[in-house]
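In the numbering used here, the protein residues as written are 586 to 752. One structure is given below, encoded as structure tokens.
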């Protein structure tokens with residue numbers, strides 16, 4: 586197992602994993618991934634087993650406190666010096682789930698985001714995953730109206746470093 590950052594050469598593999606992990610209404614398109622990789626490839630964490638991409642996490646960095654649907658579509662919203670690392674997707678292909686791989690990536694993102702001086706990390710998830718992200722210190726902020734991506738009810742969760750909220 587090894588973890589590395591993404592390059593544009595990973596586009597096909599990333600898009601394939603996304604299609605395996607999310608229904609079409611929720612999955613990012615190959616073109617969206619291309620734009621993301623061109624803008625913030627350093628904010629894609631890829632996990633490989635036997636040279637096969639089996640899990641990845643991605644998301645832009647911004648000063649905006651809340652994750653919005655526009656962020657998924659507009660890679661130009663990335664601000665490398667932003668306060669908040671957003672997580673758009675935690676993807677692990679079905680045959681490799683429940684082995685701690687996604688958790689390994691989440692811990693890596695937490696460590697790197699702290700080292701980068703971010704205020705914290707924000708993600709949205711479905712209700713059944715709230716308990717999973719809580720294990721890493723994320724706090725459920727309830728249903729968000731700022732993201733209705735794929736016609737799904739999303740719960741915003743936030744991990745704030747040093748317990749300091751920007752009010």
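For each residue, glycine too, the CB sits at the ideal point set by N, CA and C.
For residue i, which three-state DSSP category applies?
{"i": "residue 736", "result": "helix"}
{"i": "residue 593", "result": "helix"}
{"i": "residue 626", "result": "helix"}
{"i": "residue 715", "result": "helix"}
{"i": "residue 747", "result": "helix"}
{"i": "residue 649", "result": "coil"}
{"i": "residue 684", "result": "coil"}
{"i": "residue 726", "result": "strand"}
Which one of the options has the shortest CA to CA distance from residue i?
{"i": "residue 666", "options": "698, 594 and 676", "result": "698"}
{"i": "residue 669", "options": "638, 639 and 653", "result": "653"}
{"i": "residue 672", "options": "684, 651, 588 and 682", "result": "651"}
{"i": "residue 717", "options": "587, 683 and 647", "result": "683"}
{"i": "residue 635", "options": "594, 681 and 600", "result": "681"}
{"i": "residue 703", "options": "648, 657, 712 and 594", "result": "648"}
{"i": "residue 713", "options": "664, 738 and 616", "result": "738"}
Tell me the DSSP bridge mates of residue i?
{"i": "residue 691", "result": "Answer is none; residue 691 lacks a bridge partner."}
{"i": "residue 633", "result": "587 and 638"}
{"i": "residue 710", "result": "740"}
{"i": "residue 676", "result": "641"}
{"i": "residue 699", "result": "Per DSSP, none; premise fails for residue 699."}
Between residue i and the rest of its own chain, which residues show a CB-CB distance below 7 Å, the 5 nearest in sequence each way excluded?
{"i": "residue 627", "result": "590"}
{"i": "residue 602", "result": "638, 641, 676 and 678"}
{"i": "residue 732", "result": "652, 653, 654, 709 and 739"}
Check whether the Cβ atoms of residue i and residue j sit closer than 9 Å, and answer yes or no.
{"i": "residue 674", "j": "residue 607", "result": "yes"}
{"i": "residue 645", "j": "residue 619", "result": "no"}
{"i": "residue 660", "j": "residue 624", "result": "yes"}
{"i": "residue 599", "j": "residue 630", "result": "no"}
{"i": "residue 708", "j": "residue 662", "result": "no"}
{"i": "residue 615", "j": "residue 597", "result": "yes"}
Ordered along the chain, which non-local residues of its own chain (more than five positions away) have a Cβ less than 6 Å from that of residue i?
{"i": "residue 686", "result": "632, 640 and 677"}
{"i": "residue 744", "result": "705, 706, 722 and 723"}
{"i": "residue 692", "result": "none"}
In its own chain, which residues sit with a C-beta less than 8 Å from the C-beta of residue i, not counting the 5 before and 5 after it?
{"i": "residue 736", "result": "610"}
{"i": "residue 690", "result": "588, 630, 632, 640, 641, 642 and 675"}
{"i": "residue 592", "result": "622 and 626"}
{"i": "residue 727", "result": "740 and 741"}
Does the distance between the C-beta of residue i and the nearest non-hydrogen atom of the ligand ADP fall short of 8 Å?
{"i": "residue 705", "result": "Although the ligand ADP was asked about, the structure shown includes no ligands whatsoever."}
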